[in-house]
Amino acid sequence: MTRTKDYFMQRIIRITLSLFISVALLSTPAMANPKYAGLVMDADTGEVLYQDNADARRYPASLTKMMTLYLLFDALRQGDVSMRTRMPVSAKAAAQQPSKLYLKQGESISVEDAIKALVVKSANDVSIVVAEYLGGSEWKFALDMTNKARELGMRHTVFRNPHGLPDRKQYTTARDMAKLGIALRRDFPQYYHFFKYDRFTWNGKTITGHNRVLKRYDGVDGIKTGYINASGFNLVTSVRKDGYNLVAVVMGGKTSRSRDDHMVDLIDRSYTRLAQRGDRPRAFASAAPKPILRPSGVAANVAAAAAPVKVASVSRAVVPASAVEAVVQEKPKQFIRFISDPEPQKAEPSAPKPAPKKAMKAPPGTLEFQLASLQSSRSAKDIVEGWGIQVGAFRSEQDALKAAAKAVELARDALQDSKVAITDSGSSNRSVHRARLANLSEYEAKSACKKLQAHKEACFVFRLDGERSL
13 MTRTKDYFMQ RIIRITLSLF ISVALLSTPA MANPKYAGLV MDADTGEVLY QDNADARRYP
73 ASLTKMMTLY LLFDALRQGD VSMRTRMPVS AKAAAQQPSK LYLKQGESIS VEDAIKALVV
133 KSANDVSIVV AEYLGGSEWK FALDMTNKAR ELGMRHTVFR NPHGLPDRKQ YTTARDMAKL
193 GIALRRDFPQ YYHFFKYDRF TWNGKTITGH NRVLKRYDGV DGIKTGYINA SGFNLVTSVR
253 KDGYNLVAVV MGGKTSRSRD DHMVDLIDRS YTRLAQRGDR PRAFASAAPK PILRPSGVAA
313 NVAAAAAPVK VASVSRAVVP ASAVEAVVQE KPKQFIRFIS DPEPQKAEPS APKPAPKKAM
373 KAPPGTLEFQ LASLQSSRSA KDIVEGWGIQ VGAFRSEQDA LKAAAKAVEL ARDALQDSKV
433 AITDSGSSNR SVHRARLANL SEYEAKSACK KLQAHKEACF VFRLDGERSL
């Protein structure tokens with residue numbers, strides 16, 4: 013009887029242990045850690061290569077400083093400050109909790125040193141210095157941070173302070189943090205190199221950072237770590253390797269080491285997947301283009317076009333939005349073809365008959381004609397003042413033009429006097445085409461974005477000044 017009882021007890025123990033091991037092996041990071049969230053995104057196409065709890069609310073901790081830096085970079089670009097501008101230290105700034113530079117009330121710090129301190133040291137006192145200098149107060153600056161988040165398509169983020177110290181009403185998502193990481197790379201290439209710093213000198217001392225992934229994986233060029241008890245260990249990482257640009261987010265790590273290990277694993281698996289595929293998927297080229305800022309919700313709903321004509325590159329193309337609108341209304345598929353001869357034609361735009369047949373000449377009044385007449389139109393470099401909107405970034409000019417055309421159709425009232433600009437960025441073999449509409453007032457730009465976002469379309473507002481072209 014005893015032997016039988018022991019036998020059954022051993023069987024129960026073995027079965028229970030087997031079940032426990034099975035559950036452990038099948039568990040995702042989210043199941044093992046309720047704070048966990050992760051996402052890997054192709055920064056050029058918006059394709060999501062990995063996601064887990066990507067839209068769940070999480071505390072950003074010091075990832076908050078990414079937005080503080082975004083607004084500081086924006087102030088630099090607009091000329092409101094320079095790298096040498098000295099920002100005063102208030103009593104409130106000096107009283108912040110570590111991590112900090114231990115600035116004293118009455119001292120000052122240059123913008124350049126502030127950038128390094130935020131990136132490397134994640135200095136909370138410096139965050140308040142920047143907030144008070146740019147926003148007038150911490151509270152007003154936090155409002156600016158949240159407003160900018162909305163402009164960048166970060167719909168599930170609220171900022172209450174510039175440093176990320178605990179505040180239950182401050183939250184974000186892994187997807188929103190990826191969008192912010194992409195925006196920093198895209199909008200501020202002239203300042204982005206700061207995110208690769210792992211040390212800097214302050215008052216004669218060398219201060220080192222804690223972003224160890226910078227040296228653990230080839231191609232990593234930033235961005236930011238973060239930690240508070242409520243959030244766990246957070247990290248946003250940017251990688252440029254093998255012609256692909258990725259931004260990855262890990263939130264809620266149990267230790268900095270486990271977070272870093274998981275980040276390296278996610279990046280490695282993503283690049284392996286891309287290498288096995290051989291090239292970018294082409295599905296979005298003929299269906300719904302996927303902008304950078306809205307990787308999973310943008311549907312262009314435009315019919316697939318015939319194969320585009322191989323053409324000489326038309327860079328920084330600018331045409332009146334009315335031309336795009338006319339194409340949308342009268343000949344919805346014509347704007348997908350490009351002419352092979354970009355020389356301007358002398359035919360009057362109002363002429364009812366097409367230009368004489370000759371090597372792909374386009375009829376007046378069509379978008380092809382407008383593109384062919386670029387040399388007599390304003391170039392994107394001429395549009396250096398006012399406001400504009402961006403409605404996506406794409407692998408091909410055709411997809412960018414389709415997105416611009418759809419934006420004009422959906423927000424006609426605000427965009428009827430705008431200029432459509434398809435701008436190029438990136439290397440010659442991996443070019444990215446941004447669909448932008450400029451020549452707008454601030455009100456028109458924000459109204460257009462509000463209307464487009466109501467239609468679930470990507471949109472963010474940007475400001476042009478005398479030093480920045482499209």
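Going by this note's numbering, the sequence shown opens with residue 13, and the numbers climb by one from there. In this text, a Cβ means the ideal position worked out from N, Cα and C, and glycines have one as well. Quantities reported herein were computed from a predicted structural model and do not represent experimental measurements.
Buried versus exposed call for residue i [16 or more other C-beta atoms within 10 Å across all chains shown]
i: Phe472; result: buried
i: Thr169; result: buried
i: Leu449; result: buried
i: Ser139; result: buried
i: Val222; result: In the sequence as presented, Val is not what sits at residue 222; that position holds His. With 16 or more other Cβ atoms within 10 Å, it is buried.
i: Thr284; result: exposed
i: Lys431; result: buried
i: Ser250; result: buried
i: Tyr455; result: exposed
i: Pro301; result: Below a pLDDT of 50, predicted positions are generally treated as unreliable, and Pro301, at 36, falls in that range; the measurement from the model is reported next regardless. Classification for Pro301: buried.
i: Leu155; result: exposed
i: Tyr114; result: exposed
i: Lys369; result: Confidence in Lys369 is poor, its pLDDT being 41 and thus under 50, which makes the residue's placement too unreliable to answer from.
i: Leu76; result: Checking the sequence shown, residue 76 turns out to be Thr, not Leu. Thr76 comes out buried.
i: Met95; result: exposed
i: Gly216; result: exposed
i: Thr184; result: buried
i: Gly404; result: buried
i: His274; result: buried
i: Arg211; result: exposed
i: Ala103; result: exposed
i: Ala143; result: buried
i: Arg197; result: buried
i: Ala242; result: exposed
i: Gln288; result: exposed
i: Gln3; result: Because the chain spans 13 through 482 in this model, residue 3 falls outside it and cannot be assessed.
i: Gly58; result: buried
Straight-line Cα distance separating residue j from residue i
i: Lys208; j: Asp233; result: 5 Å
i: Gly264; j: Asp56; result: 26 Å
i: Phe171; j: Ala68; result: 16 Å
i: Tyr62; j: Gly118; result: 47 Å
i: Ser458; j: Gly400; result: Correcting the residue type first, residue 458 is Lys in the shown sequence and not Ser. Rounded to the nearest angstrom, the two C-alpha atoms are 9 Å apart.
i: Glu342; j: Val420; result: No answer about Glu342 holds up, because its pLDDT of 35 lies below 50 and its placement is not dependable.
i: Arg180; j: Pro72; result: 11 Å
i: Ala44; j: Asp272; result: 17 Å
i: Gly483; j: Ile240; result: The displayed coordinates of the chain run from 13 to 482. Any statement about residue 483 would go beyond what the structure contains.
i: Lys116; j: Ala106; result: 5 Å
i: Asp125; j: Tyr203; result: 13 Å
i: Met99; j: Gly148; result: 12 Å
i: Cys461; j: Ile235; result: 28 Å
i: Ser122; j: Thr97; result: 5 Å
i: Ala470; j: Glu163; result: 10 Å
i: Ser453; j: Lys418; result: 20 Å
i: Trp214; j: Leu286; result: 41 Å
i: Ala66; j: Asp436; result: 30 Å
i: Gly91; j: Pro46; result: 44 Å
Cross-strand partners of residue i (DSSP beta bridge)
i: Gly265; result: Phe245
i: Phe406; result: His445
i: Ala186; result: Its beta-bridge partners do not exist; DSSP assigns none.
i: Phe472; result: Gln402
i: Ile121; result: Met99
i: Thr435; result: Arg446
i: Val131; result: According to DSSP, which records beta bridges pairwise, Val131 is partnered with nothing at all.
i: Val141; result: Note: Val141 sits in no beta bridge, so no partner.
i: Leu452; result: Trp399
i: Val276; result: Answer is none; Val276 lacks a bridge partner.
Pair within 9 Å by beta-carbon distance, residue i and residue j
i: Met484; j: Val276; result: With the chain covering 13 to 482 only, the question about residue 484 has no answer from this structure.
i: Ala186; j: Arg281; result: no
i: Asp86; j: Asp188; result: no
i: Arg446; j: Gln402; result: yes
i: Met79; j: Pro174; result: yes
i: Ile434; j: Leu413; result: yes
i: Ala190; j: Val248; result: yes
i: Gly50; j: Val261; result: yes
i: Leu84; j: Leu177; result: no
i: Leu422; j: His467; result: yes
i: Gly244; j: Tyr48; result: yes
i: Lys133; j: Ser111; result: yes
i: Val444; j: Phe406; result: yes
i: Ser120; j: Asn246; result: no
i: Thr237; j: Ser270; result: no
i: Ile279; j: Tyr229; result: yes
Heavy atom of the ligand GDP within 8 Å of residue i beta-carbon
i: Gln410; result: With respect to the ligand GDP, the structure offers nothing, as it holds no ligand at all.
Which runs of the alpha helix (DSSP H) fall wholly inside the region 36-102 and span at least 4 residues, in chain order?
If we require 4 residues or more, the alpha helix (DSSP H) runs fully inside the region 36-102 come out as 41-44, 76-89.
Can you give, in chain order, each stretch of the beta strand (DSSP E) that sits fully within the region 212-261 and has at least 3 residues?
217-220, 232-240, 244-253
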